[in-house]
Each structure stands twice: as structure tokens, then as C-alpha cells.
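Numbering (the numbering used here), first residue to last: 4 to 69.
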């Protein structure tokens, strides 16, 4: 499993993440309907946005590279 950690200042979100994400079902990062997407479920803790990701077979590259 890979943990995505922001490399810049966290985003200031204008509303709840669930509301914002509901409109992008086929998006690559968070869309549930994208068969090769990352299917991230980001969580905003008031300071940072975090998500966990387990790579699938479509996300693999060369040996030891995701």
C-alpha cells in the first residue's frame, strides 16, 4: 500500500469532500466508476488531505516501480 502525502501546502477546500467528489464518478483519482482509476477516498482533517492507495495490476510499471 502506498500513502500519498501532499508536497505543498494543503488545499483550502470550500466545502465537504464528499460533496465535491460526488460529481466525478469517472475521475482517475477518486472516481468509483473508472475501472483503472486509483479510487482514492481522500480525508480532510482540517489541515491536510490524505488518502491511501493499493496499486492494482493496471498501475504497475517496470520491476519494483509503481
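From the three backbone atoms N, C-alpha and C, an ideal C-beta is built for every residue, glycine too.
Using the C-alpha atoms, what's the distance from residue j back to residue i?
i, j, result
"residue 35", "residue 28", "5 angstroms"
"residue 60", "residue 31", "15 angstroms"
"residue 37", "residue 65", "23 angstroms"
"residue 53", "residue 46", "5 angstroms"
"residue 39", "residue 63", "11 angstroms"
"residue 55", "residue 43", "7 angstroms"
Going by DSSP in three states, residue i sits in which element: helix, strand or coil?
i, result
"residue 55", "strand"
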